Structure formats: structure tokens, C-alpha cells
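For reference, the structure discussed in these notes is given below.
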Amino acid sequence: MRTILPLVFLITGFLQLPGRPNIILIMADDMGYSDLGCFGGEIRTPILDSLAKSGIRFTNFYSENMCWVSRASMMTGIYHRTSLKDNAIHPRCLTLPETLKSNGYQTGMMGKWHLAGKYTKNNGIDAVYPDQRGFDYFYGILGGASSFYAPFGLKRNRDSIDNEFIENKKYYFTNAIGEEAISFLKKTPEQKPFFLYLPFTAAHWPLHAPAKDIEHYKGVFSQGWDQLRAKRLERMKELGVIGKSVELSPRHPKVPSWKDEKNKDWQERRMEVYAAQITIMDQVIGDVIQHLKKNDQLNNTLIFFTIDNGGCHVEYPPERKGDYLPEKTRIGETMQPGNLPDIMPGPEITYQSYGYGWANLSNTPYRLFKQYDHEGGIHTPMIVHWPNKIKNKGSISNTLSHL
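In my numbering, the protein residues as written are -7 to 395.
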């Protein structure tokens, strides 16, 4: 008989300990099982790799197969069929932040909520905000996707704050999440433990990243998805995050062989931007950790990192519309949405995704993607870091675990 360990039970299980730990829960968006460096990927994630080196990697961890259902499960410890009602957490369900707040924790959230219910109807009157479900402070978006340069419906608690990215030409949502997180930590009373929830939108589409960050990945993916999948598999075996006998799943039938790909430059650029989004997130996590070190808080801070589901294969067509898609950029340019090979992703004016081929790489060695209950959709990495308590630093756990 195997034990299934829900993440929420891990967290709430520490509430009765003397010297209760601070808790940081980090969730990335639409990344694959093997994207992180410490799980075999090419993407540079030195901060998360360092957490893994001095913490524990869980290699048999599972999420749900979609964004909001994973978030509902994580916030309640209950499967989404029980915990969701009209795309919001069911009123009868107690949430993790509510539990922690009632036990004396200061609670803050920065990033993507995606549990707001019918937040676009009736001018948002019916929306369910994070402060209604246990958070003392919220900065972020209510919905599931948005521009990284001009986030749709950006809120501070319940106040709309679009002026912050309109007036700041260097605004980038991932960086802002980190800045707000550090501000929250600075304002938390010393005598109170804190719960900090950081659900980043990286690396969900759109493919947005500053040019300087994209440039760091020039040439990294030029071998194409076929060779890179095979090389990832070997690195994963060397790292011990999969078994030596694991075989690579077949290339998805909608993905051409790399040698037959007609738009290699554009395809490379898509993955370069995706990777840049993840590295920026890693840097921001590093900023938060540096603040904890500076204030002598890291040793008693329990940090979790995971992902809401597997890599997303969805191709973004030019005709697709949504509340999250602005008509113009901040300087008035008409948007150019859609996966068009003659337009390179990255700038604010674009709105693209990375598609089947690269999602197939992200989910190495598994089959299929987000939205599916195959391993590629639900098998996700988890890293746990707690210097005061973890003895077997750098260890790997195969314990079956779930959000």
C-alpha cells in the first residue's frame, strides 16, 4: 500500500510545532516536468537548483491537469470536483490561508489568483477576491492569463492599479511580484510568522520577455526538440529524477521532426522567450531568498516550489480573443496576436505561445500536455527547502504526493 501525501497536509502539519516556521509556497505556471536545471532541463535556474541541492526533490508529485483546478486543490487540500463552484472555491471549503491566518500567520499573495469566479461579469461585483479567502494582502490578477507588460485587471487588494504599468515603461509582471513580496515581508511584524503565496504567471503564454533576457538563450535550442529530448532523458537519469529504465515517449504526431521544421528561427525564438521567462522568475525567487538571508529568516522558512500542470501545447491563433488580450500596447500600437512565423515573440506587441514541439520537450519523458490526465499533464516536480529541519540535504524522494 502506497501513501499519498497531500501538500496542504504537509503545510498545516507544522502549525503545532514550537517556533512555527514561516511558509512560502511558490507555483509556476504551465511548465514541464523537466524544464528546471535540477530536473534535467537546459533552462538556467540556479536559485531553484540551489534550493534542491540543500533541500529535497520530490519526483513522484502530481498536480491536476489545468490551472484553476490545481489552485483549488492546493488552497483546500480537496479534489477540485468537491472544492470548486462556478470557478471559485466553494464557500463551504476552508482554505489554507484561512487556516494559517486563524493560527496567527500574516498571509500575503502576489501573482495569479484564478479562483475569482465570474470576475468579468457585472464590473467584477460577483468576483471572489483573495482577501475573502484568507489573505491579508493581495497583488496580482484575478484571471488565468495576461500580458507581462500590461496585466489585465491588475489589483492591489480590490483596487485597480493599471496606472502602475502604464506609467512605468520598465514594468514586467514577474519582477513586480518579487518587489511586492519583499515589501510584504518588510511590513510583517517580527513576532508573527508569515505565509507567502507566489503563484507566478511564468511560463504561461503570452511569450513576453525583455530582449536582453532572451539574448542569453541564443543558440541554446538550435539542435531542436528531437535531440534535446534525448539529451534531457540522459541528464534526468544521471540526476536520479527518473529511473534508468525509463524510455522516451514518442514524439507527438502533430510535431514534425526537427529536420523537417520549416520555420526553425521562429521556433527557436519561441523557446528562447519561454526559457527567459523562467530564468527571470528564478532570479526573482532569488531576490526574495536574499531578503530572508539578510534578515536572518531563511533557516526557519519552509519553502515549497511546484507547478500547476504540465507544459501547454496550445497554439495561439491570430483570431483568438479574450478579456486578457489588450487591443493596443501601452504606447498605442495595435497588437499583433497569434503564432505567426513572420513575427518574433517577446515584445509587448506580440501575443504567442510555444506550441506542441517545445511542450513535448518540456514534458520529457512523458506523453501529452496540460489538459490531459496523462503524465505529461499532471506529473510535476516539487522542491522543498527548510534549512532548520531537512537533514538529508540534496536528497530525492519518490513518495507519491499530490496537491
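Using N, Cα and C, we set each Cβ at its ideal position, and we do this for glycine too.
All figures in this text were calculated on a predicted structure; none of them were measured in a lab.
Which residues share a DSSP beta bridge with residue i?
i, result
"Y129", "G100"
"F144", "In DSSP, F144 forms no bridge with anything."
"S389", "F50"
"Y343", "P329"
"I295", "I16 and H377"
"N152", "Residue 152 is actually Ser in this sequence, not Asn. Answer by DSSP bridge pairing, in chain order: K147."
"H200", "G338"
"A108", "A80"
State the Cα-Cα distance for the pair residue i and residue j, rounded to the nearest angstrom.
i, j, result
"G135", "G109", "9 Å"
"V247", "K254", "12 Å"
"L190", "I16", "7 Å"
"I375", "E311", "39 Å"
"L86", "I234", "35 Å"
"H377", "D252", "43 Å"
"S237", "P357", "12 Å"
"H106", "K210", "33 Å"
"L220", "F213", "8 Å"
"W217", "N352", "8 Å"
"L392", "D154", "42 Å"
"N114", "S152", "The predicted position of N114 is uncertain, since its pLDDT is 49 and thus under 50; no value can be drawn from it."
"Y308", "H366", "22 Å"
"N52", "N390", "5 Å"
"A64", "I70", "8 Å"
"G232", "Q124", "42 Å"
"H394", "R12", "23 Å"
"Q363", "N57", "5 Å"
"A195", "K104", "12 Å"
"N95", "L294", "16 Å"
"E340", "K320", "9 Å"
"A201", "E226", "29 Å"
"G170", "H283", "11 Å"
"S241", "L360", "9 Å"
"F296", "W350", "26 Å"
"H208", "E260", "13 Å"
"A44", "V280", "16 Å"
"I370", "Y348", "16 Å"
"F50", "S387", "9 Å"
On a Cα-Cα basis, can you pick out the residue from the options that is closest to residue i?
i, options, result
"Y54", "M66, G47 and Y164", "M66"
"G29", "D21, I335, S42 and Y358", "S42"
"T326", "P333, P318 and L231", "P318"
"A80", "G100, Y121 and D257", "Y121"
"D257", "Q289, F50 and P337", "P337"
"A20", "G347, G349, Y348 and Y266", "Y266"
"P38", "D274, I341, F157 and G303", "D274"
"K313", "T51, L40, H72 and A137", "A137"
"R150", "E159, K162, F130 and W250", "F130"
"K383", "Q328, I18 and S46", "S46"
"G32", "A44, M228 and N57", "M228"
"L40", "T271, I174 and N14", "T271"
"S215", "I299, N14 and E34", "Correcting the residue type first, residue 215 is Gln in the shown sequence and not Ser. Out of I299, N14 and E34, E34 has the C-alpha closest to the C-alpha of Q215."
"W60", "I174, E239 and H82", "H82"
"G302", "E260, G368 and I158", "G368"
"T180", "P373, F361, N287 and R148", "N287"
"E239", "A222, P245 and W250", "A222"
"L290", "I277, T298 and D300", "I277"
"H305", "K161, L146 and R243", "R243"
"N292", "E182, H371, K93 and G347", "E182"
At what residues does the beta strand (DSSP E) containing residue i begin and finish?
i, result
"Y189", "F186 to P191"
"L17", "N14 to A20"
Strictly under 8 Å for the Cβ-Cβ distance: is residue i near chain D by that measure?
i, result
"G132", "Among the chains in the structure shown there is no chain D, since it carries only a single protein chain."
Below 8 Å on the Cβ atoms is my contact criterion, and I expect residue i with residue j to pass it. Report the Cβ-Cβ distance as a whole number of Å.
i, j, result
"S345", "N331", "6 Å"
"F144", "D315", "6 Å"
"T99", "G132", "No, T99 and G132 are not in contact; Cβ-Cβ is about 14 Å, not under 8 Å."
"D205", "A268", "4 Å"
"A168", "R322", "That pair is no contact at about 14 Å."
"R224", "S26", "5 Å"
"P198", "S139", "6 Å"
"F187", "T166", "Actually they do not touch by this definition, with Cβ atoms about 21 Å apart."
"K343", "P329", "A quick correction: the sequence has Tyr, not Lys, at residue 343. Yes, they are in contact, since the Cβ atoms of Y343 and P329 sit about 4 Å apart, within 8 Å."
"M102", "E159", "Not a contact, Cβ separation roughly 20 Å."
So the alpha helix (DSSP H) residue i belongs to, where does it begin and stop?
i, result
"I323", "No alpha helix (DSSP H) holds I323; DSSP gives it neither H nor E."
"V61", "C59 to T68"
"M23", "That residue, M23, is in no alpha helix (DSSP H); it is neither H nor E in DSSP."
"R262", "K256 to K286"
"T166", "F165 to K179"
"I370", "E367 to I370"
"E239", "No alpha helix (DSSP H) holds E239; DSSP gives it neither H nor E."
"K229", "G216 to L231"
"S42", "P38 to K45"
"S94", "L88 to S94"
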